[in-house]
Structures are given as structure tokens and as C-alpha cells.
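The structure appears below as C-alpha cells.
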Amino acid sequence: MAAHLLTIALAAAPAFALPLSTITARDGISWWDTCEWFLPENLQCGTMNLPIDWNAPDGATFELRVTRFPRPSNTTTKSLGNLFINPGGPGGRASVAVAEIARGMVTLPSEILNSFDIIGVDPRGVGLSTPINCGHEIWAERVSLFPKTQAEFDRLVDKNKRLGESCIQKVPLSNHVDTISAAKDHEAVRKALGGKVTWMGLSYGSMLAAQYAALYPDNVRGMVLDGVLQHSLPAARNIELETTAYSTGLKAFFKWADSNDASPLKGGNAENLWYEIIKNATASPIPAKWCNDRSGGCYTNVTDEEFLLNAQGFLIRATQQAKINFANALIEVINGDATQFSSRLPFESNRDQYAGLAIGCQDWPSASSFKELQENLRRAKEYAPLTRGASQTYTLYASCAGWPAPLSNPPKKLRVKTKAPALLVNSLEDPSTSYKWALGMLDEIENRVLVTRKGDGHTSWGIPGETDNAINRFLLNNRLPPKGTTYDS
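In mature numbering (1 follows the signal peptide of the UniProt record, and there is no 0), the protein residues as written are -17 to -1, 1 to 472.
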């Protein structure tokens, strides 16, 4: 899914759309003369004041940030309206995604840039949209996410509860950051901008886009769900599916590492190396020589569970250089330095981990007991001994136990009945969003086609190849390819 309250329990947001007349901002979008210094000059920035609680639209408000990369004013290409982008997470910043496009760091075809105004809305609590802040000292407490006793589980629940309470004390919005509320915020932006929206939802962004389409089916021109997340399965099944997907991604990496000429590990046995590192980290945490947990950077050593959880991030990018980087990082660990696998700690200018956790705890159920957690871990280890249950899904499942916010958007099957076409895209060896989630979403969305990429890595847009070309064609012509379309690249 990769990118992440409280003393007063509030009613859950309803799973239906508020009447359009109620989805309004207090004063529309207030566009600025210039954006912040760290954003490129060719962006336009604006804010909206929206209700913290959409069930109380006349109540307290928060500030939502809208970032726009407009199509060239002198283009003769027909406008296709607004392209909403969400890069995933939860907790990923859409403003950063749009800024990278504006800077040319992400290369898009000129036809896309000439046809769309590209819109990035940092979801509530994320990035520039009233960012969530929590107790740093509590977050930094090193409590196991894989408790082996009831006492360890109790310590985990206590930490989670105190952390959640610190979030709501600092930022009251923290209690209202579920995906349904975020979808309603996006509808307010769409209404202010006018016209129908085209969606590009990557990873968690696919869940946000699908939720939006379920609420507002008539306001969608078309949507791409890339790296598909399914929000209708029980926790145990989600843990099994993602930890198995992670394991599948690892096996693809091991095969490359052992045989590819570019691999620093060529001729060896990367899987044996993996198990050796886990054995060593289990016996004693491995030093992270470039970290300083006292200054808020990262922990000074790495446990076995931290290694398992953090290694997943190395598999996200489907490039040879990413694989080389992963191989070199493993070599560093064998040589006694696990810095690249150390857990990063939030800092004042980047609180996205807080947001990802707060959103996740209001969208997915957590462990209700030590017995339940142990049983789900046992099953996950049977399915995927390489990863032993480790995954972003499991992290939320354990980190949200005791979280004081309501589960306001529990898993449920969507019924997306929009006439607008939906292009679902997934790689077979995606290490984060299981291919089975993509297959499952075919039952929840009408007028859709799943495009399969034979390969690894998480998401496909922006990776040069046939799949990327197909996504861009769809964005422009809004026509679905044949069912069963599969590409090698």
C-alpha cells in the first residue's frame, strides 16, 4: 500500500454520498500568488476550508491544500479537464507528486501535459493539508510489533493508545482522516474546479479513487487504479495476501540477484543470505552505524522484525538500479552495517508517517487480542515463511491495536456503478498490492478491465514499457483495452 483519534468517540462517516449541495467549501478555492519556496514556480497553489466532520458540515473546519500544474496556456490541444493524482500511502503527498511532474522528474507524454490540468490534493492530515502531528517521544519508544507474550502485547496496546491520544491533542482533525472523508474532500475540490474528473490512483490512491467513484459515479470521466488495493477483506486474509505478495517479490529478486550480470550477488545464493541476516538479527540487533536515534533520525541498530518490515521498501521500484541498491544494502548488513534497514523516525518537516498510521487505523481493523494476533501470524508464516507475516498490512494491524479513534471506514465491498471506464493495472509479482486484490476488485467495479504486467515492482505508471503506454493511451482516449490484456513490460 506503500506510504500511513480520539478521546471522544464520534459517529462513523456514512458509506453514502452527501447531497452535492452539502459538498461545499466555505469560500471555494483561494488561489495564491505564489506557492511555497520549495515548490516549482510553474505550480499554482490554493486552499479550501472544509468541515472536519462531514456529518456536521457547519462545524469546525480545517485547511485543505490543492496544487495544480496547469496545461500550457498556448496549447491548441483540446482540454480533457482535471487529472487528479494520488501517489499512495496512506500518507503520500499528492503535492509532491505534482511537483515532480512539474519539474520534469517524472516524464509524461506531451499529449498528457497538454490535455490535462494535473491536480494534487494532499488528503486531510497529510503533507500541506493540516498535517497530523503526534508525540515524537511516544512514537520513538521501541515496542515490538510481533509480541510473543501477553505482557508484550499489552505494552504495544498501551503505546498505541498513548500515541493516538497525543495526535488528537495536537491536531483535532486526527480523529477524522478516514478515506470516505478524504473522498468527500476531493468532491469539494472537483465541484470548485468544475467538470468531471479523471483519476490516477496509485496503490492506496486506487482505494481513494474507487471510493470516490462509488460515492460520486456521475462525476468521473475515467480512472486508472494502478497497484490495486482491495478494501473488503478481513484482516487475516489481507495479511496473508500482502505478506505472500512480499514473498513473491523477494523470490523474483533472489532469482535476479543470483544470475544477473549486473548483480553484486551474482553466483551466490541470495535466499540463504536473507535467512542468515534474519538469524543474525534475531540473535542480536545489527548496528546501524549512520543512525542516531537521539537526534530523531533512525534507530542505532536493527532487529529481525525491523529488517523484515523495512526490506519490503527495496522491492517497490521495478528498475535494475533498485535491485542493485537492494543487493548492496544486503552486503552492507552482512558486513555489519544495517543503516539502510533502520526504521526512520518522523521529524518536524515530515510527519507523513503519523498521517499514514492515523488514516490506516480508521480504515482497517486491528488486533483485538493477543490470541487473535498470534493466530494470524501463525497462518501468515505458513503461507510465507520468507516474510513471516511482515507487511504494511500487518504493521497497521498491530500498530492500531488500542488506537483511540473509531474504525469509521471498516472494510466493505464497494459497488462502483459508474458508466465511466476503469483501467485496473497490476504486476504479477507486485511486492505490496497482491495481484489477487486486483482480481477481487473486478467484482466491485463495473465497466472495468484489468491489465496485467508480467514483472515485479509496485505500480506500472512511469515505468517505460507497454503497460505505461497503455495507461497513457487510456488517459487520453478513455477507451478500455480488451479483457485479459497482458504485457511483458
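C-beta atoms are modelled at their ideal positions from N, C-alpha and C, and glycine is treated no differently.
query, result
"For ALA310 and LEU233, believed in contact at Cβ under 8 Å, the rounded distance", "Actually they are not in contact, since the Cβ atoms of LEU233 and ALA310 sit about 12 Å apart, beyond 8 Å."
"Neighbourhood of LEU146 by C-beta distance below 7 Å, restricted to the same chain and skipping five residues each side", "CYS117, GLY118, ILE121 and TRP122"
"Collapsed DSSP secondary structure at MET31 in the structure displayed", "strand"
"For ILE342, three-class secondary structure by DSSP", "helix"
"Proximal residues to SER349 (C-beta, below 7 Å), its chain only, five neighbours per side dropped", "TYR380, CYS383, ALA384 and TRP386"
"Rounded straight-line distance, which links the Cα of ALA175 to that of LYS419", "37 Å"
"Proximity below 8 Å, CB of GLN295 to CB of SER374", "yes"
"Length at least 3, wholly inside the region 413 to 461: the beta strand (DSSP E) runs in chain order", "431 to 439"
"Cβ separation of ARG51 and SER62, assumed to be a contact under 8 Å, to the nearest whole Å", "No, ARG51 and SER62 are not in contact; Cβ-Cβ is about 13 Å, not under 8 Å."
"Delimiting residues of the beta strand (DSSP E) encompassing VAL203", "203 to 209"
"Inter-residue spacing [alpha-carbon to alpha-carbon] between ILE84 and TYR187", "19 Å"
"Presumed contact (8 Å Cβ cut-off) between ALA235 and GLU412, rounded CB distance", "5 Å"
"Range of the contiguous alpha helix (DSSP H) that encloses ASN263", "253 to 266"
"Euclidean distance between Cα positions of GLU456 and THR450", "Before going on, a small fix: residue 456 reads as Arg here, not Glu. Answer to the nearest angstrom: the Cα atoms are 10 Å apart."
"Alpha carbon of PHE99 to alpha carbon of ALA77, nearest angstrom", "16 Å"
"N- and C-terminal bounds of the beta strand (DSSP E) containing GLU46", "44 to 52"
"Spatial distance of ARG107 from PHE67 (CA atoms)", "15 Å"
"Burial state of ARG48, where buried means 16 or more other Cβ atoms lie within 10 Å", "buried"
"When TRP20, GLY343, GLY110 and THR231 are compared against PRO368, the one with the closest alpha-carbon", "THR231"
"As assigned by DSSP and simplified to three states, the class of PHE129", "coil"
"Contact belief for ILE222 with ALA363 at Cβ below 8 Å, rounded distance in angstroms", "5 Å"
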